[in-house]
Structure formats: C-alpha cells, structure tokens
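Note that the numbering used here has the sequence shown beginning at 3, numbered continuously upward. Heads up, the beta-carbon is just placed ideally off N, CA and C, and yes, glycines get one too.
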Amino acid sequence: MKETSAVCHALLQTPAFFALLRRIDEDLMKVARDRGCCHCGSVLHSANYPRKPRGCPPAAHPDCNTRLSLCCAGCRKRMTPDSVRFLGRRVWLAIVLVLRSSRATGACLDGLPAISWATLKRWRQWWTETFPKTPVGRWLRGLIPPTPEPFIYPDCLLQSVEHDSEDERLAAVLLLLLGPA
C-alpha cells in the first residue's frame, strides 16, 4: 500500500490529474444542464463562481479555481451540480480530504499539503461518525465487500476500487462519493 500511496500523492502534483477531474465535473454539469431546472423546468445557464481551494498545487490552479454552477433562466435559482473536485462547501479539495484522512496513506505524506492536527481529527471524526449515516455512506457500505477488519472510510474505498491507472482509480473513488446516479 505504501507504493500506491506514494503514487497517489505524486498525482497531486500533476496538472493532468486535476484536468481529468475538471473534465469529469464538466460532464456532470452537462447532465445537470440537460435535466433543466428542478424547480420550474426552465433552461439552465452557466453561472460559475470562483473558488480558492486549499491543497491545490500552483500548476493546477486553472483547473481548480472555478466551481461549475448553473442558474435557471426562469426562476433564477442557482443549481450547483455534483463535483469530484469539491466536497460541498469544504475549502479543501476532495482528493486532499480523502488522502489525508486515510489511515492507510497517512504514513506517506510526501506531496500532500500540511494540515493541522485539529483539522485532520475533525475530518476523521466526520468520516467515522457522520458520513456512514448519510445516504451515500449507507449506499457505499452495501457496495463494498465485507472484510474482517473494521470498516473505515475512506480507507475501505481506496482499497476496494481498482483501475488500470492510479488517476482513474482516484477519480473513481471521488465519483463513488457522489452516490448513485
């Protein structure tokens, strides 16, 4: 696992990985736009807004500094589609939150941004107490095969998802955090 975690952390310094995440977010936005406004059914227009997420390497800023969002042409309500780059309103990038919270990758910190112990403790508490009770947490628990070890997020996700490349594997983990389509 240590070799894998070193690869994961190296990806955080690769602009191509963040470009992949942005393309996934753009696809998610297109799906949301095609559905139309959930309030009145009108057409949705682009209404992106700036973000200054923590944990973004300087070379990847162009792919991380905008939150894709939509605005209804009829009722003017904002609709923010799912994102693999951002977990809700959190200021840290989703991938940083996943990798830094993981006890499996915690030993290999090369390439990961420094995070205070209090923040890390708060994240791990969220993963162990709050996230498993959410609809997505319960859904994911049903997808992952049982193991003799205790079920710990996000470690179980990182260990159970397999892909040909590490960037695709991490993107798949982030997509799973969005829940069923």
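Query: Find out if the Cβ-Cβ distance for the pair Val100, Leu23 is shorter than 8 Å.; Result: no
Query: Classify Val175 as helix, strand or coil using the three-state DSSP reduction.; Result: helix
Query: Locate the beta strand (DSSP E) running through Cys74, then write down its first and last residues.; Result: Leu72 to Cys74
Query: Can you give the Cα-Cα distance for Glu164 and Cys158, rounded to whole angstroms?; Result: 12 Å
Query: Just curious, the beta strand (DSSP E) that Leu46 is in, first and last residue?; Result: Leu46 to Ser48
Query: Using DSSP bridges, identify the partner residues of Leu95.; Result: Phe88
Query: Give the straight-line distance between the Cα atoms of Ala75 and Ser48, rounded to the nearest whole angstrom.; Result: 10 Å
Query: Please determine, among Tyr155, Ala96, Arg35 and Thr136, the residue with the shortest C-alpha to C-alpha distance to Cys58.; Result: Ala96
Query: Spatial neighbours of Tyr155 within its chain, please: CB distance less than 6 Å, with the 5 preceding and 5 following residues excluded, ordered by chain position.; Result: Trp129 and Phe133
Query: Check each candidate in Tyr51, Arg80 and Lys54 and name the one with the smallest Cα separation from Ser44.; Result: Arg80
Query: Taking Lys135 as part of the alpha helix (DSSP H), name the residues at either end of that continuous run.; Result: Here Lys135 belongs to no alpha helix (DSSP H), and DSSP marks it neither H nor E.
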